[in-house]
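So the structure is just underneath, and the comments pick up after that.
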Amino acid sequence: MCGIAGIAGRRDAALLREMTAALAHRGPDDEGFFLGDGVSLGHRRLSVIDLAAGHQPMSHADGRCQIVFNGEIYNYRELRETLLGLGHEFHTSGDTEVILAAWAEWGEACLGRLEGMFAFALWDTATQSLFLARDPVGIKPLYYAEVDGVLYFASEMKSLFLCPGVDTEMDMESLDDYLTWLHTVPPRTFYRGISQLPPGHCGTWSAGRELRARRYWCLAERAARRDLPPDEWVEALREHLDRLLDRHLLADVPLGALLSGGIDSAALAALMKGLGVRPSTFTVGYGAEAAAFDETAEAREVAEHLGTLHHELRVSPGGGDFLETLLHHFDEPYGNPMALLSHAVFRMVREHVTVVLSGDGGDECFGGYPRYSGLQFARWMRWVPGPLHRGLVLPLARRIPENTAGNHWPRRVRSFLETDPHDPMGQYARWLSRFTPAMKADLYTEDFRRVLAGRDAWEPIRRLARESGSANPVEQAMYADMHHFLPHNVLHCADRMSMAHGLEARVPFADQTLLEFMTAVPPELKVRGRATKILLRRVMEKELPAATLQRPKRGFEPPRGGWMATKLRDEMETLFSPAALKADGLFAPAAVRRLLDEHNAGQRDHTLPLWALLVFQYWRHRR
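So the sequence shown is numbered by the working numbering: it starts at 384 and just counts up by one.
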């Protein structure tokens, strides 16, 4: 895992060194530079494979192309054998040189052969062009900005902040996306002059030609439905997982795994054991201050059952100092409070290993989120006539009490019942939205609403539902999650918080080949009523404790509600003051006050909306 940065259309050694130095946390082991005619490439390396010979930037044998690469290509050994058979020679044993040879052999079509997590930039001296590419699922990030015919790119936006002329004024549509989803949606960022290359996209820059991102991978086109009996699906998934894990375990440095009380991380540890690896496992807890959220006992049970080398950590937030750290690594507001935990646990993990496997992607891949069950139950509401829904169901839904004690079900049930039952994607989007359209209408000032006139933040979800090709709302929601919630929220956090400590986080359950496999699996083998991850549970039923297999999803999250009422209270009082809000001109002070009053009175669970506002206001006022 690494950090990459560069400039196309300009040779600037001093700026390149600054841009690359800003990424030192991503690659503490080595740095390298290439300066050519009209190009500057920089690299920070975290050494994981081929420790002695993996220095970058790396040149192809014929000297035509230079590459800076961040990530891992898990099928590089198979590709290497194929390329050797085609006459290519190799001078290293790692994956970077394989990408160069694949490009020389197949050009842009090589992307269809790469399996892994990656972001790379490849300079072709013959055509004086720069090629950028990002992995299909969006595990590794890549940002860019164009100013006066010059292209700047980097793994993180902090490098682009150093570049002359880059427009860092706030993008108002990204603020709307953030308050809806807790994150921005590529290609937009919070900065008008900076774009993020979307997952599964690539693009070519050359002098006089702006970079235009184009899509090279579409899950709906890659997944072919198969008709197999359930037992054969169980066998096929186990074979795929064993092959997948064997690739993900390749490293020349110590390797471990995150472990909670849930089935995803437990399955990873069990699969590692089945391949002859005794992993170091790591879990996080909160102690007595938030016992309802603590899963250390459940994780310890799994660790003892599998015989892992287990480590536990107790965490607590650092108030404003932590918010500063959070924003330093994300470079823009990010509203999912799981970053609080991820930062702490990855810091601990890095003291023991250089590579860690995580269960991220398991819920999207195997069907684990409660919203999938909710969509199945909600179909019965479609039989309710519209007048009856408006006259009876809506008033009853609005009487459902909510609380801030960590039980999200009242809010979720209310969310579904309040949304048109004939619009399942609206129900899904409503479930995920932290500020609904009605809440935004109350929160946004007239000036802000005027800027966003006619905008629908839910449209990306509806587009993905159509692209899925399925009429089943659960399959539509899973497809949307794989393209939206997983890359822009879950994997975005995993990359920033692990790389903050120079730790490589691998996510086998977000592997493109596994997503293609599971998209072909019939929906009834994923979710049926309240039963979730049905196929994965079948695969692991002989290797995990019954309690682990049966345990409902709890989620990886901190007790944010209690922390906001105590440790972060001072920040909230300052940033939510009428004076601060009026000065910004974005949010109505009275609307924010209502959110606080309803939340503090236990009438509504506004924990996540308030957290999102707190992070944004902190960012806004530190700029």
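Quick reminder that beta carbons are idealized off the backbone N, C-alpha and C, glycines included.
Bounding residues of the beta strand (DSSP E) (the contiguous stretch that carries residue i)
i	result
Y527	Y526 to V530
E500	In the sequence under discussion, the amino acid at residue 500 is Met, which differs from the Glu named in the question. Taken as a continuous stretch (DSSP letters only), the beta strand (DSSP E) holding M500 covers G499 to D507.
R626	Run containing R626: none in the beta strand (DSSP E); it sits in the alpha helix (DSSP H), P613 to H631.
V533	V533 to A537
Minimum C-alpha distance to residue i - residue among the options
i	options	result
M861	E414, G985 and M901	M901
H712	S851, T737, E539 and E491	E539
F665	S816, S648 and G659	S648
D550	D559, F573, A537 and E556	F573
M441	E464, L469 and F473	F473
A680	T915, E695 and L689	E695
P547	M402, L466, V636 and P411	M402
R683	G644, D704 and M655	G644
R697	L724, P720, F705 and V685	L724
S578	A607, W616 and L534	L534
R754	L710, P720, V767 and S816	S816
M808	R795, K925, A492 and Q859	Q859
C448	Q511, T708, L462 and L932	Q511
F831	L462, L558 and G437	L558
Sequence-distant residues of the same chain with beta carbon closer than 8 Å to residue i, five excluded per side
i	result
H871	G521, W564, H566, T567, V568 and P569
L993	M947, M955, L978, L979 and H982
A971	D825, L826, Y827, T828 and L964
G912	S756, Q759 and F760
Separation of residue j from residue i, as counted between CA atoms
i	j	result
E687	H693	8 Å
A388	R781	51 Å
A903	R609	6 Å
V431	S476	12 Å
G702	E678	Low local confidence applies: a pLDDT of 48 at G702 is under 50, so the model's placement there is unreliable, with the coordinate-based value given in what follows. Whole-angstrom Cα-Cα distance: 23 Å.
T828	H1004	18 Å
G742	A509	43 Å
L835	E556	7 Å
G454	E801	43 Å
L627	E529	38 Å
V998	A407	25 Å
H805	V857	14 Å
D625	V776	48 Å
Y599	H726	32 Å
R833	L525	32 Å
M731	V667	10 Å
P905	Y752	17 Å
S589	K823	42 Å
D635	R400	28 Å
P778	A821	16 Å
A812	Q895	24 Å
F416	L467	28 Å
V451	G425	7 Å
First and last residue of the uninterrupted alpha helix (DSSP H) at residue i
i	result
A971	It is not in any alpha helix (DSSP H) - A971 carries neither H nor E in the DSSP assignment.
L483	T479 to W489
C876	H875 to M882
E907	Careful: E907 lies outside any alpha helix (DSSP H) and carries neither H nor E.
L469	It is not in any alpha helix (DSSP H) - L469 carries neither H nor E in the DSSP assignment.
T646	At residue 646 the sequence reads Ile, which differs from the Thr that was named. Per DSSP, I646 belongs to the alpha helix (DSSP H) from I646 to G657.
Q449	From DSSP, Q449 is part of no alpha helix (DSSP H) but of the beta strand (DSSP E) over C448 to I456.
Y561	M555 to W564
A603	L602 to R605
T902	Q895 to T902
F999	T990 to R1005
V728	M721 to R733
R773	Neither: R773 is in no alpha helix (DSSP H) and is coded neither H nor E.
C748	G745 to F749
F831	E829 to V834
Any non-hydrogen atom of the ligand PLP closer than 7 Å to residue i Cβ
i	result
P753	Ligands displayed in this structure: none; no statement on the ligand PLP is therefore possible.
Contacts around residue i, its chain only, beta-carbon distance under 6 Å, and the 5 residues preceding and following it disregarded
i	result
A640	L651, A652, P662, T664 and L740
E850	A603
P716	Y561, V998, F999 and W1002
M655	P662
Y459	D478 and V481
Other residues of its chain near residue i: CB distance less than 7 Å, five sequence neighbours each side excluded
i	result
M865	L602, E747 and L898
L418	R394 and A396
V890	I522, S741, D743, G744, L874 and A877
CB contact below 8 Å: residue i versus chain D
i	result
F713	The displayed structure is made up of one protein chain only, and chain D is not part of it.
contact_flag[the segment 979-986, the segment 838-848] where n(CB pairs < 8 Å) is 3 or more: The segment 979-986 vs the segment 838-848: no contact.
Cβ pair count under 8 Å reaching 3, the segment 574-590 against the segment 878-887: no
Sufficient close CB pairs (3 or more, under 8 Å) joining the segment 500-516 to the segment 582-597: yes
Cβ contact check for the segment 484-491 and the segment 914-926: 3 or more pairs under 8 Å: Segment contact: the segment 484-491 against the segment 914-926, fewer than three CB-CB distances shorter than 8 Å; contact not assigned.
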